[in-house]
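Accompanying notes for the structure given below.
There are 2 protein chains.
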Amino acid sequence: MVRKTKEDAELTKRRIMDAARAVFLRRGVSRSTLEHIATEANVTRGAVYWHFKNKTEIFHAIREQVFLPLFDKVDDVLSHVPDSSKDPLSQIEASLCQTIQDLDASQTQREIYEIIMIKCEYVDEFAAVLHQILDNCSSLVEKYELAYQRAQAKNLIAPKLSAHALALDTHLFFGGLLHMWIKDSKGTQFRHQAIEMIKAHIDLRRKL
Amino acid sequence: MVRKTKEDAELTKRRIMDAARAVFLRRGVSRSTLEHIATEANVTRGAVYWHFKNKTEIFHAIREQVFLPLFDKVDDVLSHVPDSSKDPLSQIEASLCQTIQDLDASQTQREIYEIIMIKCEYVDEFAAVLHQILDNCSSLVEKYELAYQRAQAKNLIAPKLSAHALALDTHLFFGGLLHMWIKDSKGTQFRHQAIEMIKAHIDLRRKL
DNA sequence: TAATATACATACAAAGATGTATGTAAGCAA
DNA sequence: TTGCTTACATACATCTTTGTATGTATATTA
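Protein chains in written order, with the working numbering: chain Z, 1 to 208; chain G, 1001 to 1208.
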């Protein structure tokens, strides 16, 4: 069968991306060949080359599937300042919990995170991805910092530390949490207590 | 030239490992071939195959170069309980700072960490490495927890949180810190403030 | 409905990488 | 000094992977 309609073609493209995700997860990005991906998607390499220039482009397509919506969401929860019913600390907590709950709900997201974190080598074309992630992190930290400043203004936290230090600490904590969460794919070590740990992390900042 | 003495041979092996480290760092583990490594070490693939079974074995040899000494050191700083001049919180702080300072001092260590964290895909033979790391982490957390318990016993920290929660929070924080530290190879974003951030993290726990 | 572009499948050539087999000169032990 | 072993280098066969070129049947459009 050849020459499908446009909708059919879009479907094939999706199938290829889904297949690539599965193959990347199983064999790592480097060891995955276009042939593997094509087979998994029940097409030939011809179809793959039609929709994507090469493996790298597939990787980026998959990545964007998760990262474009992600930052919007963080913004939503964190930056929704006006007459918020929640205090700033709870906003940060909610933002972090939201990400975890999203991961809990979506296997696709989990898989993409796993690929990005431990099934990909950041060299050459992929090195740029790292810098992009780092940049995004910076803007995240800034948002945490603003929230902590609001919390300080409302006298919710002990004035031990600067908002900046608190924001960085939270950011590193959550980075570490995400890594552990992903690596603990059996869910026995970290996943089940992730939410508690976020609450604990925030509680540590609360004035009694 | 052929047939060196035993000492010469050991030297060649080291040279191959050093070369492999450089090549892994530059091209990632997967894209590195034994030919690349041999060329970098100024030998032929014959020499490489003589000293190592395959690429995986080289990787493990490099890895052990760092991880075997590492855990000893953490133990040294953290578990050296008897009549310690430092309070438990400072011990934890010192242990974390020590690791960062070690990384600061040794380019070799930095490179190996970078390879392990962002230039290697954890599939197949490498998947086991991840589990090993996770296991080591668990024992680390236990050591933090013991230290925090001692701190609680000495009434050094507010009783807001359990020692277990504090230990996990510290562990995740430091995991995140290490990742950022390594990724920020230019040193502009995180490296220069790593020590401060560790102090801030610990200070957050201190009773005023 | 004829022409063209689309959505693939198939075939081919070239390069890369791996493992092994074989060669060889020098060290070392008896 | 002979003979065995070590520490490699060289050569070869095989498999994989990639990119591209070509074929082709069907949508789409004018």
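Backbone N, C-alpha and C define an ideal beta-carbon position, used for all residues, glycine too.
Contact with chain Z by residue i, beta-carbon distance below 8 Å
i                       : result
residue 1118 of chain G : yes
residue 1101 of chain G : no
residue 1168 of chain G : yes
residue 1031 of chain G : yes
residue 1201 of chain G : yes
residue 1110 of chain G : no
residue 1197 of chain G : yes
C-beta contact flag for residue i and residue j at 8 Å
i                       : j                       : result
residue 1118 of chain G : residue 178 of chain Z  : no
residue 1123 of chain G : residue 176 of chain Z  : no
residue 208 of chain Z  : residue 1197 of chain G : no
residue 158 of chain Z  : residue 92 of chain Z   : no
residue 1087 of chain G : residue 1140 of chain G : no
residue 68 of chain Z   : residue 95 of chain Z   : no
residue 16 of chain Z   : residue 37 of chain Z   : yes
residue 1021 of chain G : residue 1116 of chain G : no
residue 1161 of chain G : residue 180 of chain Z  : no
residue 163 of chain Z  : residue 149 of chain Z  : yes
residue 1066 of chain G : residue 1101 of chain G : no
residue 1035 of chain G : residue 1026 of chain G : no
residue 30 of chain Z   : residue 1030 of chain G : yes
Beta-ladder partner(s) of residue i, from DSSP
i                      : result
residue 206 of chain Z : Z/157
Residue burial classification, residue i (beta-carbon count within 10 angstroms, cutoff 16)
i                       : result
residue 200 of chain Z  : buried
residue 50 of chain Z   : exposed
residue 192 of chain Z  : exposed
residue 121 of chain Z  : buried
residue 1188 of chain G : exposed
residue 1205 of chain G : buried
residue 1014 of chain G : exposed
residue 183 of chain Z  : buried
residue 1186 of chain G : exposed
residue 1154 of chain G : exposed
residue 145 of chain Z  : buried
residue 1019 of chain G : buried
residue 1151 of chain G : buried
residue 105 of chain Z  : exposed
CB contact check: residue i to chain G, cutoff 8 Å
i                      : result
residue 87 of chain Z  : no
residue 179 of chain Z : yes
residue 143 of chain Z : no
residue 121 of chain Z : yes
residue 20 of chain Z  : no
residue 183 of chain Z : yes
residue 76 of chain Z  : no
residue 173 of chain Z : yes
residue 128 of chain Z : no
residue 217 of chain Z : No answer is possible for residue 217 of chain Z: it lies beyond the span of chain Z, which begins at 1 and ends at 208.
residue 218 of chain Z : Missing from the structure shown is residue 218 of chain Z; chain Z here goes from 1 to 208 and no further.
residue 134 of chain Z : yes
residue 161 of chain Z : yes
residue 165 of chain Z : yes
residue 138 of chain Z : yes
residue 27 of chain Z  : yes
residue 46 of chain Z  : no
Cβ neighbours of residue i in the same chain (closer than 8 Å, five flanking residues each side left out)
i                       : result
residue 1125 of chain G : 1056
residue 12 of chain Z   : 4, 41, 43, 47, 51
residue 1090 of chain G : 1202
residue 1112 of chain G : 1021, 1062, 1063, 1065, 1066
Cutoff 6 Å; reference residue i; Cβ partners in own chain excluding five residues on either side
i                       : result
residue 1032 of chain G : 1023, 1024
residue 1143 of chain G : 1078
residue 1174 of chain G : 1096
residue 190 of chain Z  : 180, 181, 184
residue 1007 of chain G : none
residue 54 of chain Z   : none
residue 58 of chain Z   : 20, 52
residue 1134 of chain G : none
Cut-off 7 Å between Cβ atoms - residues of its own chain near residue i, not counting five sequence neighbours on either side
i                       : result
residue 1097 of chain G : 1195, 1198
residue 1166 of chain G : 1148, 1205
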